[in-house]
Amino acid sequence: MNIGIYGGTFNPIHLGHMAAARYAAQALALDLLYLIPDGVPPHKDLGEGAPTPEDRLAMVRLAAESLHLPRGEAAVSDLEQHRAGKSYTVDTLRALHQKFPKDTLWLLMGTDMFLSFHRWREPEEMLRYCGLCAFSRSQWDREELFRAQREFLERTYGARVTTITLPQLVEISSTQLRALLSEEAPGSEDCRGGKFLAPPVYGYILRRRLYGTGEDLTRLPLAKLRPVALSHLKGSRIPHVLGTEDTAAALARRWGADEETARRAALLHDCTKRLSREEQLALCRKYSIDLDEYEKKELKLLHAKTGAAVARAEYGLSEEAASAIRWHTTGKPDMTTLEKILYLADYIEPTRDFCDLRELRRLAFEDLDRATLLGLTMAVRDLQVKGMVLHPNSVRARDYLKGRLA
Ligand SMILES: [Fe+2]
Ligand SMILES: [Fe+2]
914 MNIGIYGGTF
924 NPIHLGHMAA
934 ARYAAQALAL
944 DLLYLIPDGV
954 PPHKDLGEGA
964 PTPEDRLAMV
974 RLAAESLHLP
984 RGEAAVSDLE
994 QHRAGKSYTV
1004 DTLRALHQKF
1014 PKDTLWLLMG
1024 TDMFLSFHRW
1034 REPEEMLRYC
1044 GLCAFSRSQW
1054 DREELFRAQR
1064 EFLERTYGAR
1074 VTTITLPQLV
1084 EISSTQLRAL
1094 LSEEAPGSED
1104 CRGGKFLAPP
1114 VYGYILRRRL
1124 YGTGEDLTRL
1134 PLAKLRPVAL
1144 SHLKGSRIPH
1154 VLGTEDTAAA
1164 LARRWGADEE
1174 TARRAALLHD
1184 CTKRLSREEQ
1194 LALCRKYSID
1204 LDEYEKKELK
1214 LLHAKTGAAV
1224 ARAEYGLSEE
1234 AASAIRWHTT
1244 GKPDMTTLEK
1254 ILYLADYIEP
1264 TRDFCDLREL
1274 RRLAFEDLDR
1284 ATLLGLTMAV
1294 RDLQVKGMVL
1304 HPNSVRARDY
1314 LKGRLA
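Sequential numbering of the sequence shown, starting at 914, is according to the numbering used here.
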């Protein structure tokens, strides 16, 4: 197996790092790429107000889920975060070599790191465990220095060195990026730092108010609520939520509901879905949410209630929008227009392909009540066939509409 190791301060991890990781995965035919944020970097002082190591780890995890490598898997290691004292790459490499004794390790690094590599702690031992893969910015980027360093390391330590020229490097340093983030005006649509970040990473920064961003989370403009919402999700759920947002907006325009409210509700509708049972239950205690016997049995049902509470309390969503989130999973009798819109958008958004949705997609823009009835009927049938927990609210919602439309 070819394993890439990409360590760094990642303060924060940005699109430049992610582009380099993607390109290296392809060029080195990696089967596995480890992203490893530093614990306490030996040579860097992160300064006042910097994110904690846990914040940087969380951001790297979100970035890894958004990496979409052309080949191989991305993984995040907290190896350096758990080591007492300063973190040295040689310790990390030794540990990884012990874990993967038969595999080929490649240590990935930028130009400056590569040119100073012989001054790191124990270069000889490091080079017994791994080859070096240095990124250069262009074919002419200090070519002479590169060649000299490569020959020196090969001659002195018998190093394996490969150089990758990155074709489309995102031209930003972490220092410049931190400055841009701190200049963004809170409450405005100004995302000048955000455009250099994977949206969930940007959302995490806003949510935790890192790098001087200082947003009031209950008054976020849509352009900032969107990345914040995505930072709550598993990477694989992001297309679903963006699809739900667009579909809810289209349905709101069709049925005369407020488009922005529909977008906000859709963006946050699954915001607690990735949480564990314990975390869900902690939110239930925090927001005094009572659970019925069905919700106690089925974790999936819980996220509608906790999601609505978080959307209202932490992100300032209106009662109307929170109520749409509250009922998006089961439905209920006598739903509002927005509740029906979110229920349907969640069901028919373009990435859903678990059953034939053509008729439901057509009907949603033709007759909102009949579409909601069809959606509820399909959902009830589906849960019964699969033997899953069927909440009586879904049956009541279906029968209510059936009676009204008869
Ligand atoms: Fe959901
Ligand atoms: Fe959903």
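Cβ atoms here follow ideal geometry from the backbone N, Cα and C, with glycine treated the same way. All values reported here derive from a predicted model rather than from experimental measurement.
What residue from S1144, C1104 and A1226 has the CA that sits closest to T1126's CA?
-> Taking the Cα of T1126 as reference, the smallest distance to any Cα among S1144, C1104 and A1226 is reached at C1104.
Are E1128 and L1119 closer than 7 Å when you measure CB to CB?
-> Yes. Within cutoff.
So does D1295 have its beta carbon nearer than 6 Å to some heavy atom of ligand 1?
-> Incorrect: D1295 has no Cβ contact closer than 6 Å to ligand 1.
Opposite F1048 in the DSSP bridges: which residues?
-> Among the bridge pairs identified by DSSP, F1048 is matched with I1077.
Own chain residues within Cβ distance below 6 Å of V989, not counting five before or after | Beyond the five residues adjoining it in sequence on each side, V989 comes within less than 6 Å, by CB distance, of L948, V973, R974 and A977 in the same chain, given in chain order.
Check whether the Cβ of D1159 lies closer than 6 Å to any heavy atom of ligand 2, and answer yes or no.
-> Because no heavy atom of ligand 2 lies under 6 Å away, the Cβ of D1159 does not count as near it: no.
What number of angstroms, rounded off, separates the C-alpha of G998 from the C-alpha of D1004?
-> The alpha-carbon atoms of G998 and D1004 are separated by roughly 12 Å.
In this structure, does DSSP put E1035 in helix, strand or coil?
-> In this structure, DSSP gives E1035 a state outside helix and strand, which the three-state scheme calls coil.
For G1127, name the three-state secondary structure that DSSP assigns.
-> Note: G1127 maps to coil in three-state DSSP.
Cβ-Cβ separation, E1233 to L1257 (assumed contact under 8 Å), whole Å = About 16 Å separates the two Cβ atoms, so there is no contact after all.
Is A933 helix, strand or coil when you go by DSSP?
-> Of the three classes helix, strand and coil, the one that applies to A933 here is helix, per DSSP.
For E1172, which three-state DSSP category applies?
-> If DSSP states are grouped into helix, strand and coil, E1172 belongs with the helices.
Option nearest A942 by Cα separation, candidates E1057, L1066 and I1077 | If we check each option's Cα against that of A942, I1077 comes out closest.
Where A987 falls: helix, strand or coil (DSSP) = Strand.
So which of L1110, D1282, H1031 and A1277 has the shortest CA-CA distance to D1247?
-> Taking the Cα of D1247 as reference, the smallest distance to any Cα among L1110, D1282, H1031 and A1277 is reached at D1282.
Which of helix, strand or coil DSSP assigns to G1300 | Coil, per DSSP.
Have a look at the DSSP bridge pairing and note the partners of I916.
-> I916 pairs with L945 and L1018.
Please confirm if the stretch 1005-1022 is in contact with the stretch 1038-1052, defined as three or more CB-CB distances below 8 Å between the two stretches.
-> These segments touch.
Looking only at DSSP bridge pairs, what is P950 linked to?
-> Per DSSP, the beta-bridge partners of P950 are G921.
So, are the CB atoms of Q1327 and L970 less than 7 Å apart?
-> Lying outside 914 to 1319, the shown extent of the chain, residue 1327 is not represented and no answer is given.
Among L1212, L1135 and P966, nearest to L992 - alpha-carbon criterion | Closest by alpha carbon: P966.
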